[in-house]
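Heads up, the final residue of the sequence shown is numbered 136 in the numbering used here, and it's a clean run with no missing numbers.
We put the beta carbon where it would ideally sit given N, CA and C, even for glycine.
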Amino acid sequence: MERTFIAIKPDGVQRGLVGDIVRRFETKGFILVGMKFMQVSRELAESHYAVHKDRPFFAGLVDFITASPVVAMVWEGDGVVTTARKMIGATNPLAAELGTIRGDYGANIGRNLIHGSDAIETAEQEIALWFTPDELITWQPTIMPWVYE
Ligand code: IDP
Ligand code: MG
-12 MERTFIAIKP DGVQRGLVGD IVRRFETKGF ILVGMKFMQV SRELAESHYA VHKDRPFFAG
48 LVDFITASPV VAMVWEGDGV VTTARKMIGA TNPLAAELGT IRGDYGANIG RNLIHGSDAI
108 ETAEQEIALW FTPDELITWQ PTIMPWVYE
């Protein structure tokens, strides 16, 4: 089934939003297949955000992501990549719809709380960058028939 990479950024952890953010994905019906609390190295941060390496905010972004621990996760479900992005909201929290994670809790583009893969191919690359295969668990929640027809 489709998987996506989600990370609660240092601001989300520092602000005590881990439980709320995880709850949103759980109650939506997505399946958690990997999760770790970790300090991000500069090397990992620079690889993860390599696509933005020439942007003016890149250095600040790497400093921010490595400043304090993050919660890295992999979630699974039909359409999870696109739906997770909808749940996360627009990059700038001031433009993000209320009801989204960034729309509800964010007030600044440089402190937007959460990362989510932007496409299935990107998700596969990011999952491979952040997790080893043995850190991902394929399992079937017993509630599945009540969430998926
Ligand atoms: P996304 O996280 O919604 O996919 P991207 O455009 O891929 O947004 O940017 C990656 C991350 O870089 C953003 O989530 C945000 O943390 C940071 N970022 C993007 N644009 C800016 C900016 O103009 N100033 C500061 N940080 C930015
Ligand atoms: Mg992006």
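When the beta-carbon positions are compared, Phe24 and Trp62 stay at least 7 Å from each other.
Per DSSP, the unbroken alpha helix (DSSP H) holding Glu30 starts and ends at 29 to 35. Looking at the backbone, the Cα of Gly90 and that of Ile96 are separated by about 11 Å. Listed in chain order, the alpha helix (DSSP H) runs fully inside the region 9 to 66 are 29 to 35, 45 to 52, counting runs of at least 4 residues. Residues of the same chain with a CB within less than 6 Å of the CB of Arg2, apart from the 5 flanking positions on each side, do not exist. Scanning Met22, Ile8, Phe12 for the CA closest to the CA of Ile114 turns up Met22. Going by C-alpha positions, Thr70 is about 12 Å away from Ile(-7).
Within the DSSP bridge table, the entry for Arg98 names no partner. Collapsing the DSSP output to three states places Ile130 in coil. In this structure, DSSP gives Gly(-1) a helical state, which the three-state scheme calls helix. As computed with DSSP, Thr(-9) is found in a beta bridge with Trp62. Between Ala59 and His35, the alpha-carbon positions lie close to 12 Å from each other.
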